[in-house]
Each structure stands twice: as structure tokens, then as C-alpha cells.
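Right, one structure below, let's go through it.
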Amino acid sequence: MLTIDWRRPKRSSDGSRASGRTRMPANAPTDTVVQQFLQDKLDLINRIYAPKRLIVFGSRATGQAHEESDIDLIVVSEKFADVRYPNRMGNFLIDIDPDVHVDALCYTPEEFDRALHAQSSFVRDAVANGLEILH
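Taking this note's numbering, the leading residue of the sequence shown gets 3, the next gets one more, and so forth.
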């Protein structure tokens, strides 16, 4: 069985979120589709993109996926700096050639930081409820 280091935001005593590191078996709380995808593609993603952050979010991270659910990813990498935003996901998917449907939000570190601090931030919610893959 594949074992991955995950980071899931924890609640501090005052109710705010604080980041913490947890080593968990890779089958909890994600599902087998994510497990197989990571088993097959994580080394390739690391080799090509050297991501600063890689986050699984959405229904596959929360355990609410159904059979047709895709894998939602946030990929943060310097490699996206010279690629126009609309082309990034397509390039990423061509490079990793997944066997399952994947939607990838691809950011440079600077773009990701801006998105995290935006007033109404989809990215902040995805990070708060997702699972970060520590590699």
C-alpha cells in the first residue's frame, strides 16, 4: 500500500485553522481512484513540475465522490511562469497523461499566494478542505 505524507489544516484552540502535519495511510480519507492516480503519476509530476504544493480537493478529498467524480488538483510550480494561464491545465494533462479525469488549477507560487489572500477565495476554501501531498 502506498503511504503519503498529508497535511490537513487543523483547528487551533481559538477555532482558527492552523497547519499541521499528519502521516496517514494513503487510503484515508481519500479513495482508491486518488490512490491509484498518485501511485502512477506522483513521481512524474514531481520530476516534470517540482511542485511547491500539490493539493487534492473536492469530492475525492472529502470522501463524497461518486463513480464519475474527477480528481481536483491544485498544482503550484515555478514551471508555470512562462505559460499563459489558459494553457497550463492542458499542458499539465498532456505531460502526465492521466488514466482518469483530472481538473488541475495550475499556479505559480506568487499567483497562489495572491489567490489565498483574495477576499473571496475559492483557493482558500480548496486548501482548507483539501489534502496537501507532501513530497
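Just so it is clear, CB atoms sit at the ideal spot from N, CA and C, and this is done for glycine as well.
On a predicted model such as this, the values are computed, not experimentally measured, just so you know.
Task: Per DSSP, cross-strand counterpart(s) of Asp-105 - done: Paired residue(s): Asp-74.
Open item on the list: Suppose the cutoff is 8 Å on Cβ atoms and the five residues either side in sequence are ignored; what does the same chain contact list for Val-129 look like?
Closed with: Cβ within range, chain order: Pro-11, Ile-57, Phe-59, Ile-76 and Leu-118.
- [ ] State the start and end residues of the unbroken alpha helix (DSSP H) segment that holds Arg-49.
- [x] It spans 34-51 - the alpha helix (DSSP H) in which Arg-49 sits, taken as one unbroken run.
Task: Element boundaries [alpha helix (DSSP H), containing Phe-59] - done: If you look at Phe-59, you'll find it isn't in any alpha helix (DSSP H); it sits in the beta strand (DSSP E) that goes 55-59.
- [ ] Return the residue from the list Pro-100, Thr-110 and Ala-106 that minimises the CA-CA distance to Gln-41.
- [x] Ranked by how close their Cα comes to the Cα of Gln-41, the residues Pro-100, Thr-110 and Ala-106 have Pro-100 in first place.
TODO: Would you kindly check if the distance between the Cβ of Tyr-51 and the Cβ of Ser-79 is under 7 Å?
DONE: Yes, Cβ-Cβ distance for Ser-79 and Tyr-51 is below 7 Å.
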